[in-house]
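Numbering (the working numbering), first residue to last: 749 to 952.
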């Protein structure tokens, strides 16, 4: 199942470079909450995990041009799109969020937008996000959060879809995994009827 979900994600997003995903994404409403948090933190170096075509990072670059931007995605075509979208100072890497080819304690902020529901082992991914953050760094996590009947229907449907979606998590599952990764000062909130933002900090 693990490799199947990951391969489905890679294949799907490799073939969707010119879709709506590559022209701004579906979740621009949620981006403003992430951008507001970045404005408060003002990291020197930020990485977006599961960056897709770089739609979010292009907004970060526009609003905060002094931040060194980095990106990671499983899809080669999404990384290619991200590189085309961003300035040549950005660093975009093909890689698995559950086993990142990245240095320890490298970034002051890690963002992850609408990606964690694709991960067969999200705890591994959150552990990796903790590892690559510097002490005092921030996790800014955004994903789907729906009422229980919709979540149950989505989780039944996900394995039948081509995009490699795995699971939509309850709020307490997200908080539990973030805490298990080692994060503290965890703040979870709904930001739309269909999504959440979770902000957490790595101890100094």
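Glycine is no exception: its CB is placed at the ideal position from the N, C-alpha and C atoms. Source: prediction; values computed, not measured.
Beta-carbon proximity of residue i to residue j, cut-off 8 angstroms
| i | j | result |
| --- | --- | --- |
| residue 862 | residue 919 | no |
| residue 794 | residue 867 | no |
| residue 839 | residue 858 | no |
| residue 870 | residue 811 | no |
| residue 830 | residue 802 | yes |
| residue 841 | residue 873 | no |
| residue 934 | residue 921 | no |
| residue 781 | residue 807 | no |
| residue 791 | residue 827 | no |
Cβ shell of residue i (< 7 angstroms), same chain only, five flanking positions each side left out
| i | result |
| --- | --- |
| residue 878 | 929, 930, 931 and 950 |
| residue 756 | 910, 911 and 912 |
Secondary structure of residue i, DSSP reduced to three states
| i | result |
| --- | --- |
| residue 849 | coil |
| residue 761 | helix |
| residue 926 | helix |
| residue 906 | helix |
| residue 944 | strand |
| residue 776 | helix |
| residue 899 | helix |
| residue 815 | coil |
| residue 912 | coil |
| residue 835 | coil |
Per DSSP, cross-strand counterpart(s) of residue i
| i | result |
| --- | --- |
| residue 871 | Beta-bridge pairing links residue 871 to no other residue. |
| residue 860 | 797 and 889 |
| residue 821 | 842 |
| residue 949 | 886 and 932 |
| residue 881 | 855 |
| residue 755 | Bridge partners of residue 755: none, in fact. |
| residue 714 | Outside the displayed span of the chain (749 to 952) sits residue 714, for which this structure offers no information. |
Local Cβ density within 10 Å of residue i, reported as buried at 16 or more and exposed below that
| i | result |
| --- | --- |
| residue 945 | buried |
| residue 927 | exposed |
| residue 784 | exposed |
| residue 891 | buried |
| residue 915 | buried |
| residue 788 | exposed |
| residue 800 | buried |
Beta-carbon proximity list for residue i, same chain, < 6 angstroms, skipping 5 on both sides
| i | result |
| --- | --- |
| residue 853 | 882 |
| residue 894 | 942 |
| residue 876 | 848 |
| residue 884 | 952 |
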